[in-house]
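Worksheet: the structure to be examined is printed underneath.
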Amino acid sequence: MTGHHPVTAESETETETDTNTIPMFPALSRMERRRELQPRRYDREPYWRAPITPPSRECYVPHWNWHNRTGVPETEQLLTLDANGAYLSALGGIKVGHSQLSHHGGTEVITAPRDVMPGYYQISIPHWAFDGTIVHPLGDSSRLETETAVWVAHPTLVLLLELQEEGVLGEFMVLDAWIARAACDFRKWTAHLKQVRTELLDSLELAQTDAARAAMGEMYTAFKEGYSAALSMMLTGEKCKTQRPDWAHAVYAQHAASMWRKAWRWTGAGRPLISMGHTDELTVIADDLPEMMSRAKPPFRFDPSGRTLGAMKPKTVEAGTREPLQGDSLPTLDEGDVL
């Protein structure tokens, strides 16, 4: 087996100690080195190593391990779904700070989701009246019971403001903020990563032998580890050009908000949600899925093949099971998640 990833230039690979190991795909360094992939604004580079702000170490990213305690017949077959390429999908759907973050306090009134700029916001914790139907949009962390306010990344605030506009979320206040006045995005980088992902999946499907399939499987795993590690590396700035924890927190928060919206739309269509496992899994009654997917506006995209980014795919099917299969834990400053 070759030691070089098929979509990685030799100059981008790290020195290997084991020639039988596929090197991790250099997702972050590729973006840092290639001008055409960088999150530029008017052709200006972003602030790669912005000063670390106090909220960077206090940011709360919603997560959950929630179960519906209402009666579900033991004979019902339950289906656990998880998201395809969840963090990669989130990466392409957000704005991040091009400039460094600056302190703006809580004096600015934010009245609509479109007014939210990239950064961190300290908010009071709003009341949620639908705990029996779906988890609080901020999750079910014990912090929400012991603290009166938390720092969140801007995608979380956008979700809360959308729910407030719908009239389903209690009042809350923006108490403080560290925000960027100039924004950029990762669309070009995401498009490149999507292309690499598609090429790897195509090669995996076309592999003719068990050995070839195993080799391509390792390469695809190395790719997933690479873009997951990119987010973790942004948090600390170690071994890379980028130190932007606000970028990483924005991606994590965008993914959490996206998953919560999928679950909310499911319950809004009148079908029970059985559980939400961490941030990437939903468990539903299996018989509900075909009817929900046949609707003019289904609650989410469904792709059993696992190829469509952000779409849901089956993970486990169990009879009379209430607990979802546990997914990977939310990435922290020290570890990444591979989705």
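Using full-length UniProt numbering, read the sequence shown as starting at 1 and increasing by one per residue. C-beta atoms are modelled at their ideal positions from N, C-alpha and C, and glycine is treated no differently.
With respect to the alpha helix (DSSP H) encompassing residue i, which residues constitute its N-terminal and C-terminal limits?
i, result
"D210", "210-236"
"M31", "27-33"
"D202", "187-206"
"S275", "That residue, S275, is in no alpha helix (DSSP H); its beta strand (DSSP E) goes 273-277."
"G268", "245-268"
"Y87", "86-91"
"R41", "Counting along the chain, R41 falls outside any alpha helix (DSSP H), and DSSP gives it neither H nor E."
Applying the 10 Å Cβ sphere with the 16-neighbour rule, what's the burial state of residue i?
i, result
"residue 352", "The structure shown does not extend to residue 352, since the chain is modelled only from 1 to 339, so the question has no answer here."
"L333", "In this predicted model, L333 has a pLDDT of only 34, less than 50, meaning its place in the structure is not dependable enough to derive any value."
"M1", "Because the pLDDT of M1 is 37, which lies under 50, any placement of that residue in the model is unreliable, and the question is left without a value."
"K239", "exposed"
"Q38", "buried"
"D246", "buried"
"Q100", "buried"
"D82", "buried"
"H127", "exposed"
"T209", "exposed"
"T242", "buried"
"Y42", "exposed"
"R44", "exposed"
"N206", "Inspection of the sequence shows that residue 206 is occupied by Leu rather than by Asn. With fewer than 16 Cβ atoms within 10 Å of its Cβ, L206 is classed as exposed."
"S142", "exposed"
"A256", "buried"
Quick one: give me the first and last residue of the beta strand (DSSP E) that residue i is part of.
i, result
"D82", "77-83"
"H67", "65-67"
"Q164", "Per DSSP, Q164 belongs to no beta strand (DSSP E); it is in the alpha helix (DSSP H), 154-166."
"T283", "281-285"
Would you list the residues sitting across from residue i in a DSSP beta bridge?
i, result
"P314", "L81"
"residue 342", "Since the displayed the chain opens at 1 and closes at 339, residue 342 lies outside it and no answer follows."
"A177", "Y121"
Cβ of residue i within 8 Å of Cβ of residue j?
i, j, result
"T283", "H63", "no"
"residue 341", "A182", "The chain is shown only over 1 to 339; residue 341 falls outside these bounds and no answer can be derived."
"K95", "P113", "no"
"A153", "A250", "yes"
"G306", "T190", "no"
"N65", "D140", "yes"
"A177", "Y252", "no"
"P299", "R265", "yes"
"A90", "Q254", "yes"
"I22", "E199", "no"
"M24", "G237", "no"
"P51", "C184", "no"
"N84", "G277", "no"
"R197", "F223", "yes"
"L157", "I123", "yes"
"E36", "W151", "no"
How many angstroms separate the CA atom of residue i from the CA atom of residue j?
i, j, result
"G270", "E162", "20 Å"
"L134", "E281", "Before going on, a small fix: residue 134 reads as Ile here, not Leu. Cα to Cα, the separation comes out at about 13 Å."
"residue 406", "A248", "Coverage of the chain is limited to positions 1 through 339, which leaves residue 406 absent and any answer about it impossible."
"D303", "R261", "18 Å"
"A129", "T80", "25 Å"
"L144", "M312", "28 Å"
"V168", "S258", "17 Å"
"E16", "R33", "Annotation note: pLDDT 37 at E16 (below 50); position unreliable, no value reported."
"S56", "P290", "42 Å"
"T19", "A27", "Here T19 scores only 40 on pLDDT, less than 50, and its place in the model should not be relied on; the value that follows carries that caveat. Rounded to whole angstroms, T19 to A27 spans 21 Å at the Cα level."
"D287", "S275", "16 Å"
"V174", "D115", "13 Å"
"A86", "T75", "31 Å"
"T267", "M292", "11 Å"
"A211", "Y220", "14 Å"
"M234", "P73", "46 Å"
"I110", "S232", "30 Å"
"A263", "A215", "36 Å"
"P54", "K188", "30 Å"
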